[in-house]
Amino acid sequence: MKWPHGAYPHTWLTVYISLYGTCIPLCVLFLAFGVFKTGNLAGDNDQLSARTERILEITGPTRNSCCLRFIKSLWLHGPPLPQTIHVILAISQLFAQQVMLAQLYRFGFINSGQ
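Just add 1 to wherever you are in the sequence shown, counting from 1, and you've got the working numbering.
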């Protein structure tokens, strides 16, 4: 495609390719988290009140235990992973498409009257 005035949109094409490039591994994660159990309560359709056994985790006081417990708690009680990844995929594809459409309008390849 011949761009007018030598104004080839290198930056926006890089943004477009990188956004679609990140969608490929996100699709794999979306399928994996949707099919397999991941330990995330909301993503695995598990309810706290439905658990019959109670699990207590007893760890000794270490320097990293607070941070690790915080990360584990975020993972366990976070939002459902397949739905979150689906929203991220949709937004990144929508943004990439709009970036390229804006460049096509900007350089006159598409008329706003069409």
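Positions of the beta carbon are idealized from the N, C-alpha and C atoms, including for glycine.
What residues in its chain sit with their C-beta under 6 Å from that of residue i, if we drop five residues either side in the sequence?
i	result
residue 72	none
residue 10	104
residue 97	17, 20 and 21
Between the beta-carbon of residue i and the beta-carbon of residue j, is there less than 8 Å?
i	j	result
residue 34	residue 77	no
residue 99	residue 13	no
Compute the beta-carbon to beta-carbon distance between residue i and residue j, rounded to the nearest angstrom, for a pair I have assumed lies under 8 Å.
i	j	result
residue 24	residue 69	Incorrect: roughly 31 Å between the Cβ atoms, too far for contact.
residue 101	residue 17	5 Å
residue 5	residue 79	The pair is not a contact, with the Cβ atoms about 48 Å apart (cut-off 8 Å).
Tell me which residue opens and which closes the alpha helix (DSSP H) that residue i is part of.
i	result
residue 74	66 to 78
residue 93	82 to 107
residue 26	11 to 36
Taking 7 Å as the limit between beta carbons, can you name the residues of its chain near residue i, skipping five residues before and five after?
i	result
residue 86	27, 30, 31 and 34
Residues in the same chain with beta-carbon distance under 8 Å from residue i, minus the five sequence neighbours each way, listed in chain order, please.
i	result
residue 113	106
residue 117	Any answer about residue 117 is impossible in this case: the structure gives the chain only from 2 up to 115.
residue 8	108
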